[in-house]
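So the structure is just underneath, and the comments pick up after that.
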Amino acid sequence: MSKKFFIKNIGTLYQVRTSLHKLTGSEFGKVPALHNAWVSVEGGRIKAWGRMDEFSGFAVGRDMEVIDADGASVLPCFVDAHTHVVYTGSREAEFVMRLQGKSYEEIARAGGGILHSAEKLRKAEENQLFEESVERVKMMIKNGTGAIEIKSGYGLSLESELKMLRVIQRIKNHFPVPVKATFLGAHAVPGEFKNNKAGYIQHLIHEMIPAVGSEKTADYIDVFCENGYFTSEETIRILEAGMRYGLKPKVHAEQLSHSGGISAGVRCGAVSVDHLEYANDEDIALLKESETIPVLLPGAQWFLGLKNPPVREMISAGLPVAISSDFNPGSCPSGNMALMMAMACTMYKLTPEEAYNACTVNSAYAMDVQNYCGSVTKEAKAHFIFLKKGYSLTSLAYYFGMPVIDKVFIADRFF
Ligand SMILES: [Zn+2]
56 MSKKFFIKNI GTLYQVRTSL HKLTGSEFGK VPALHNAWVS VEGGRIKAWG RMDEFSGFAV
116 GRDMEVIDAD GASVLPCFVD AHTHVVYTGS REAEFVMRLQ GKSYEEIARA GGGILHSAEK
176 LRKAEENQLF EESVERVKMM IKNGTGAIEI KSGYGLSLES ELKMLRVIQR IKNHFPVPVK
236 ATFLGAHAVP GEFKNNKAGY IQHLIHEMIP AVGSEKTADY IDVFCENGYF TSEETIRILE
296 AGMRYGLKPK VHAEQLSHSG GISAGVRCGA VSVDHLEYAN DEDIALLKES ETIPVLLPGA
356 QWFLGLKNPP VREMISAGLP VAISSDFNPG SCPSGNMALM MAMACTMYKL TPEEAYNACT
416 VNSAYAMDVQ NYCGSVTKEA KAHFIFLKKG YSLTSLAYYF GMPVIDKVFI ADRFF
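Each residue of the sequence shown is one higher than the last, beginning at 56 in this note's numbering.
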C-alpha cells in the first residue's frame with residue numbers, strides 16, 4: 056500500500072498554486088503562500104492542503120504518518136534544468152590557472168576545459184562514473200533540488216557518450232526525483248577530429264544521433280553554440296538531426312560572445328536557451344514570440360567572472376526567466392540552488408520571490424516537469440524543503456551559502 060503522510064504545523068507553505076503557467080510580468084514577483092498550514096501526501100503525491108485553524112479533519116488514520124513541522128516553513132524543491140553532474144575528476148588545477156590570469160578559452164586551447172574532462176571520462180569505468188556522480192546528486196538533493204536535467208557531452212565519442220547516457224539512466228532509476236537526459240555530443244570537437252569539425256558534425260549527425268535515438272536514453276539534444284565550438288548554422292543542423300529522432304532541442308547560447316544561439320534555438324522551437332550573457336534586444340524580441348524558456352546560470356557566470364545577462368530587460372519584455380545551476384567541473388562546481396538564488400538576487404537584483412519562481416515554476420517548464428514539480432498543486436510530487444525554524448523564503452537568498460535548509464522530503468523519506 057502506498058504510504059500516506061500528514062504534514063502539520065507548517066509555519067508558511069510557499070508556492071501554493073491552483074493553476075499552472077509560466078510566470079511573467081507582475082506574477083513573476085509573487086509566491087502565493089499559506090500560513091499555519093498542513094499538507095497531505097499519498098503515494099509520493101500531494102493530495103490536499105489547507106490552514107491548520109480551518110482543518111475540518113479527515114481522519115488522520117493509523118495508516119497515515121504524521122510529520123510535525125513545528126512552525127518551520129516548507130516549500131517545493133528546486134528544479135535544476137541544466138547540469139553536467141555526470142563527470143569524473145575535478146578541474147581544480149584549471150581553477151588555479153584561471154586565478155593566475157588564463158581565460159577559459161586559453162585553457163581550452165591548451166588542452167584543458169571540456170576536452171580535459173572528456174579525456175578522463177573516456178578512461179573511466181561506467182561504475183566508477185556512476186558512483187562519483189551519485190554522490191554529487193545526493194548533495195544536490197540534500198541542498199533542496201527535487202528534479203534534475205543532466206547532459207552528456209564529456210564523452211565526445213559514440214561509445215563514451217552512450218556510457219554517459221547509461222549512467223544518467225542509472226541515476227534516474229537510483230533516486231526518487233525526476234531526471235531528464237540531454238545528449239550534448241556537440242559540446243566540443245574531440246581531439247581526433249581536430250581541424251576537421253565538418254567531419255565530427257557528419258559523425259554526430261550520421262552515427263551518434265541515430266544511435267542515441269535508437270537507444271531512447273535521451274530526452275533532449277543540446278549544442279554549445281559559441282566561438283571556437285559550433286556556429287549558429289551548425290547548431291541548427293545538429294538540432295534538426297536530433298529532432299528527427301524525437302529529441303527536443305536546447306542550446307548553450309550567447310555565453311562568451313554573441314554567436315546566434317538564441318536565434319538558432321528559437322528557429323528550432325527549443326525548449327530552452329541557456330546562459331545568455333550576450334543576449335541583445337533582438338534576441339529578447341525573438342524569445343518573446345516563442346515558447347522557448349530563457350535559462351540563466353548565475354553560478355557559471357560568477358565563477359568565470361562574466362558580465363550580467365540583460366535580465367531586467369527580459370523580465371520587462373514578459374519573458375518567463377528561469378534559473379539553474381549548470382553544475383559542472385569547469386565553470387560551476389556547485390549544484391546549490393539556494394546559492395544560485397542568492398547570486399540572482401545580488402547580481403541581477405531579483406527579489407527572493409522572483410529568484411525562487413525562476414528556480415521552481417519556470418525552471419520546471421525548461422525541463423518539461425511543470426505538471427508535477429516546482430509547486431504545491433494537486434497530484435504534484437511531494438518534494439519539499441523544510442527550512443530551519445525561524446527562516447523564510449527570503450532567508451534562502453539572504454543567508455547565502457549557509458545551511459538554512461533543515462531537511463528535504465522526497466516522496467516518502469527525508470534526505
Ligand atoms: Zn552547460
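Each residue gets a CB set at the ideal place from its N, CA and C atoms; glycine is no exception.
Source: prediction; values computed, not measured.
Could you name each continuous beta strand (DSSP E) segment of 3 residues or more that falls completely within the segment 290-353, going from the start of the chain to the end? 303-308, 327-330, 348-351
Please report the distance separating the alpha-carbon of Cys400 from that of His261. Along the sequence shown, one-based indexing puts residue 400 at 345. Along the sequence shown, one-based indexing puts residue 261 at 206. Looking at the two C-alpha atoms, the distance is approximately 44 Å.
Just how far apart, CA to CA, sit Leu130 and Asn250? By one-based count along the sequence shown, residue 130 stands at place 75. By one-based count along the sequence shown, residue 250 stands at place 195. Roughly 50 Å between the two C-alpha positions.
Can you list, in chain order, the residues of its chain whose CB lies under 6 Å from that of Gly208, leaving out five sequence neighbours each side? Residue 208 sits at position 153 when you count from the first residue of the sequence shown. Within its own chain, the residues whose Cβ lies closer than 6 Å to the Cβ of Gly208, once the five positions on either side in sequence are excluded, are Leu239, His242, listed in chain order.
Go ahead and pull the three-state DSSP assignment for Met422. Position 367 of the sequence shown holds residue 422. Looking at Met422 - three-state DSSP - the assignment turns out to be coil, as it is neither helix nor strand.
Under the assumption that Thr143 contacts Gln183 (Cβ atoms under 8 Å), give the Cβ distance between them as a whole number of angstroms. The residue you call residue 143 lines up with position 88 of the sequence shown. The residue you call residue 183 lines up with position 128 of the sequence shown. That pair is a contact at about 7 Å.
Is Asp467 near ligand 1, with its Cβ less than 6 Å from a heavy atom? Counted from its first residue, the sequence shown places residue 467 at position 412. No, since every heavy atom of ligand 1 falls outside the 6 Å radius drawn around the Cβ of Asp467.
Ligand 1 heavy atom lying under 6 Å from the CB of Asp338: If you number the sequence shown from 1, residue 338 lands on position 283. No - ligand 1 has no heavy atom lying nearer than 6 Å to the Cβ of Asp338.
Which residue from Gln425, Lys444, Pro458, Ala452 puts its Cα closest to that of Ile203? What you label residue 203 is simply residue 148 of the sequence shown in a count that begins at 1. The residue with the shortest Cα to Cα distance from Ile203 is Gln425.
Which of helix, strand or coil does DSSP assign to Ser287? Mapped onto the sequence shown, residue 287 falls at position 232. Three-state result, Ser287: helix.
Closer than 6 Å: is that where the CB of Asp381 sits relative to any heavy atom of ligand 1? By one-based count along the sequence shown, residue 381 stands at place 326. True, at least one ligand heavy atom lies under 6 Å from that Cβ.
Going by Cα to Cα distance, which pick from Thr347, Val366, His229, Ser81 is closest to Val306? For this step, residue 306 is matched to residue 251 along the sequence shown. Nearest option by C-alpha distance: Thr347.
For Val222 and Lys193, what's the separation of their Cα atoms in angstroms? Within the sequence shown, numbered from 1, the residue matching residue 222 stands at position 167. Within the sequence shown, numbered from 1, the residue matching residue 193 stands at position 138. Going from the Cα of Val222 to the Cα of Lys193 covers about 15 Å.
Return the CA-CA distance between Arg177 and Tyr284, expressed in angstroms with no decimal places. In the sequence shown, counting from the first residue as 1, residue 177 sits at position 122. In the sequence shown, counting from the first residue as 1, residue 284 sits at position 229. If I take the Cα positions, the gap works out to 20 Å.
Report the option in Ala124, Met263, Glu187, Pro375 whose CA atom is closest to the CA atom of Gly445. Start at 1 with the first residue of the sequence shown, and residue 445 comes out as number 390. Among Ala124, Met263, Glu187, Pro375, the Cα nearest to that of Gly445 belongs to Ala124.
Do Asn91 and Arg72 have their beta-carbon atoms positioned less than 7 Å apart in this structure? Counted from its first residue, the sequence shown places residue 72 at position 17. Counted from its first residue, the sequence shown places residue 91 at position 36. No, the Cβ-Cβ distance between Arg72 and Asn91 is not below 7 Å.
Assuming Gly201 and Ile465 form a contact by the criterion Cβ under 8 Å, report the distance between their Cβ atoms to the nearest whole angstrom. Position 146 of the sequence shown, counted from the first residue, corresponds to residue 201. Position 410 of the sequence shown, counted from the first residue, corresponds to residue 465. Rounded, the Cβ-Cβ distance is 6 Å, consistent with contact.
How should Ala173 be labelled, buried or exposed, when 16 other C-beta atoms within 10 angstroms of its C-beta is the threshold for buried? Taking the sequence shown and counting its residues from 1, one reaches residue 173 at position 118. When all chains shown are included, Ala173 counts as buried.
Secondary structure at Leu176, three-state DSSP: helix, strand or coil? As a working mapping, residue 176 is identified with position 121 in the sequence shown. Residue state, collapsed to three classes: helix.
Do you know offhand how far Asp277's Cα is from Asn335's? In the sequence shown, the residue the question calls residue 277 occupies position 222. In the sequence shown, the residue the question calls residue 335 occupies position 280. About 21 Å.
Which value, in whole angstroms, describes the spacing of the CA atoms of Asp467 and Tyr427? As a working note, residue 467 is residue 412 in the sequence shown. As a working note, residue 427 is residue 372 in the sequence shown. Using only the alpha carbons, I get a separation of about 16 Å.
Inter-residue spacing [alpha-carbon to alpha-carbon] between Gly210 and Ser95: The residue you call residue 210 lines up with position 155 of the sequence shown. The residue you call residue 95 lines up with position 40 of the sequence shown. Spanning the two alpha carbons is a distance of roughly 43 Å.
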